[in-house]
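Those protein sequence lines, which keep their order, are chains A and B.
All residue numbers for the first sequence refer to numbering that gives the first Met the number 0, where the first residue is 0 and numbers rise by one.
All residue numbers for the second sequence refer to numbering that gives the first Met the number 0, where the first residue is 0 and numbers rise by one.
Encoded as structure tokens, the structure appears first; notes follow it.
Protein chains: 2
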Amino acid sequence: MNEIVEEKTYSISELAKEFDTTTRAIRHYEEYGLIQPKRQGTYRVYSHKNRTRLQLILRGKRIGFSLAEIKEIIDLYQFPHGEEKQTEFLLNKIELRRQQLKQQLHDIHSMMKEIDDLEQRITQQKKSSTSNTST
Amino acid sequence: MNEIVEEKTYSISELAKEFDTTTRAIRHYEEYGLIQPKRQGTYRVYSHKNRTRLQLILRGKRIGFSLAEIKEIIDLYQFPHGEEKQTEFLLNKIELRRQQLKQQLHDIHSMMKEIDDLEQRITQQKKSSTSNTST
DNA sequence: CATAACCTTTACGTTAACGTAAGGGTTGGT
DNA sequence: ACCAACCCTTACGTTAACGTAAAGGTTATG
Numbered sequence: 000m001n002e003i004v005e006e007k008t009y010s011i012s013e014l015a016k017e018f019d020t021t022t023r024a025i026r027h028y029e030e031y032g033l034i035q036p037k038r039q040g041t042y043r044v045y046s047h048k049n050r051t052r053l054q055l056i057l058r059g060k061r062i063g064f065s066l067a068e069i070k071e072i073i074d075l076y077q078f079p080h081g082e083e084k085q086t087e088f089l090l091n092k093i094e095l096r097r098q099q100l101k102q103q104l105h106d107i108h109s110m111m112k113e114i115d116d117l118e119q120r121i122t123q124q125k126k127s128s129t130s131n132t133s134t
Numbered sequence: 000m001n002e003i004v005e006e007k008t009y010s011i012s013e014l015a016k017e018f019d020t021t022t023r024a025i026r027h028y029e030e031y032g033l034i035q036p037k038r039q040g041t042y043r044v045y046s047h048k049n050r051t052r053l054q055l056i057l058r059g060k061r062i063g064f065s066l067a068e069i070k071e072i073i074d075l076y077q078f079p080h081g082e083e084k085q086t087e088f089l090l091n092k093i094e095l096r097r098q099q100l101k102q103q104l105h106d107i108h109s110m111m112k113e114i115d116d117l118e119q120r121i122t123q124q125k126k127s128s129t130s131n132t133s134t
């Protein structure tokens, strides 16, 4: 036990390929302070944690968050939550995010329903026009 | 019956206030071709349909869609769906959107769960530190 | 009839989030 | 030793989605 097992690491282009983004974007997230890979010489080396962090960033993007918002959310997780006074502040921020996510859920459900309805109508129309080929 | 009842209309600033956006943004959506209010003189006059359209746009924005994407979605609804060949194309677009929305739903659920967990931890810590005031 | 509170168009400015070279090291294979 | 395929930094360019004046018409009210 207690062996030092080499953890798997990733190059920047590996991650870019895996998550269908670009190396430039990933470097941009780093500039922005969202991710801090290690280095081997000048090359960036991404740990499993770094990889997870990138996934977190991209997930945020997919649901329309700005990098600033994503940073806020990530900072929530990192907080040395203990300062009592700050805790209230944290809980408030969390509540706000929850409200926002709730709204988004609702928005997406609405849109999904509309799209489902639309598809129904189109499919129905297709059926009737197909069976009405004869006069 | 068949009386001509004056439908309620809205001014641009009314809508801006109601939906917490700006007149500039609304005009921008118009420039972009997303909404076409009537005019009374030079003033824009928004019908109920126009108002609904604006809501649609803002909903799209909230879940991270670009104006281009929102336009695509709106165009789906407007389509003179009947041209047989085009129908397949439409159904494909709809399917793509559905996939995207599904992914977003999943993303939001994940994030919501993480935030819930975080709140739990913070709240627990708060409780224990509150009950541990004595030594 | 003047003043506030609206509205208009035109147009340049700003910010975020990268894209796109340019110029140059590093590393694995033949 | 050399080429391809990586990687790096620096830095200017681009696009979307408005923001922000500027300059001026319109309408309700005292």
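All C-beta atoms, glycine included, are put in the ideal place defined by N, C-alpha and C.
Computed from a predicted structure; not experimentally measured.
Residue burial classification, residue i (beta-carbon count within 10 angstroms, cutoff 16)
| i | result |
| --- | --- |
| A/T134 | Low confidence applies here, because A/T134 scores a pLDDT of 36, under 50, leaving its location unreliable; read the following figure in that light. Exposed, since its Cβ has fewer than 16 Cβ neighbours within 10 Å. |
| B/Y45 | buried |
| B/D19 | exposed |
| B/T106 | Per the sequence shown, residue 106 of chain B should be read as Asp rather than Thr. With 16 or more Cβ atoms within 10 Å of its Cβ, B/D106 is classed as buried. |
| B/T38 | The question names Thr, yet the displayed sequence has Arg at residue 38 of chain B. B/R38 is exposed by the Cβ-count criterion. |
| B/G32 | exposed |
| A/Q77 | exposed |
| B/G40 | exposed |
| A/Q103 | buried |
Cross-chain neighbours of residue i in chain A, by beta carbon under 9 Å
| i | result |
| --- | --- |
| B/T51 | By Cβ distance, chain A contributes nothing, its closest Cβ being about 12 Å from B/T51, past 9 Å. |
| B/L90 | E118, I121, T122 and K125 |
Close beta carbons around residue i, own chain, < 8 Å, minus the five adjacent residues each side
| i | result |
| --- | --- |
| A/Y28 | I34, L53, I56 and L66 |
| A/Q124 | none |
Residues sharing a beta bridge with residue i, DSSP
| i | result |
| --- | --- |
| B/K60 | For B/K60, which the question treats as bridged, DSSP gives no partner whatsoever. |
| B/K37 | B/V44 |
| A/Y9 | A/Y45 |
Contacts of residue i in chain A (Cβ-Cβ under 7 Å)
| i | result |
| --- | --- |
| B/D106 | R58, R61 and I62 |
Neighbouring residues, chain A, relative to residue i (Cβ below 8 Å)
| i | result |
| --- | --- |
| B/Q103 | R61, I62, Q103 and I107 |
| B/I93 | I114, L117, E118 and I121 |
| B/L100 | I107, M110, M111 and I114 |
Own chain, CB closer than 7 Å to residue i, minus 5 neighbours either side, in chain order
| i | result |
| --- | --- |
| A/R50 | Y9 and L14 |
| B/R96 | I72 |
| A/H47 | E6 and K7 |
| A/T132 | Confidence at A/T132 is low in this model, with a pLDDT of 47, below 50, so the placement of that residue should be treated as unreliable; the coordinate-derived value is given next. Closer than 7 Å at Cβ, skipping near neighbours: no residue. |
| A/L100 | none |
Contact set for residue i: own chain, Cβ-Cβ below 6 Å, skip 5 residues either direction
| i | result |
| --- | --- |
| B/G59 | I69 |
| A/I11 | T22, I25 and R43 |
Interface partners of residue i on chain B, CB under 9 Å
| i | result |
| --- | --- |
| A/R97 | M111, I114, D115 and E118 |
Partners in chain B for residue i, counting only beta-carbon separations shorter than 7 Å
| i | result |
| --- | --- |
| A/Y76 | L117 |
Practice item. State whether the region 19–36 of chain B contacts the region 115–122 of chain A, with contact taken as three or more CB pairs (one from each stretch) at a distance under 8 Å. Key: no
Exercise for review: Determine, using beta-carbon pairs with one atom in the region 76–95 of chain A and one in the region 100–112 of chain B, whether at least three such pairs fall under 8 Å.
Suggested key: no
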